[in-house]
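Report on one structure; see the data block that follows.
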Amino acid sequence: FSGQGTQWAGCGRALYDADPVFRRVIDTIEEHWREHSDISLREACFSAPQEALNEVQLAQPVIFMIQCALVEL
52 FSGQGTQWAG CGRALYDADP VFRRVIDTIE EHWREHSDIS LREACFSAPQ EALNEVQLAQ
112 PVIFMIQCAL VEL
């Protein structure tokens, strides 16, 4: 998996909207993540400004989430 710097605001949104497998993985990871955090990774990925996604506490889990979903494709 790639490191920080590969994320951008809205990354994965088109795939989430178009691909049911990608969407299922994102939603599953979101569900598990929310058991431990008040922050929505899905919302951070699709709606947060770029500055927020540059912060490691969001960037790393968002990258992990997107790349796990890509593996399933």
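The sequence shown maps to residues 52 to 124 in the working numbering.
We put the beta carbon where it would ideally sit given N, CA and C, even for glycine.
I think residue i touches residue j, with their Cβ atoms under 8 Å apart; what is that distance to the nearest whole Å?
{"i": "Arg74", "j": "Tyr67", "result": "5 Å"}
{"i": "Met116", "j": "Ile90", "result": "That belief does not hold up - the Cβ atoms of Met116 and Ile90 are roughly 12 Å apart, past 8 Å."}
{"i": "Ile77", "j": "Ala110", "result": "That pair is no contact at about 16 Å."}
What's the gap between the Cα of residue i and the Cα of residue j?
{"i": "Pro71", "j": "Arg85", "result": "21 Å"}
{"i": "Leu92", "j": "Asn105", "result": "13 Å"}
{"i": "Val122", "j": "Cys62", "result": "15 Å"}
{"i": "Leu124", "j": "Gln108", "result": "26 Å"}
{"i": "Glu82", "j": "Gln101", "result": "23 Å"}
{"i": "Cys96", "j": "Val113", "result": "6 Å"}
* **Ordered list of alpha helix (DSSP H) runs contained in the segment 71-124, each at least 4 residues** => 71-85, 92-98, 101-104 and 107-123
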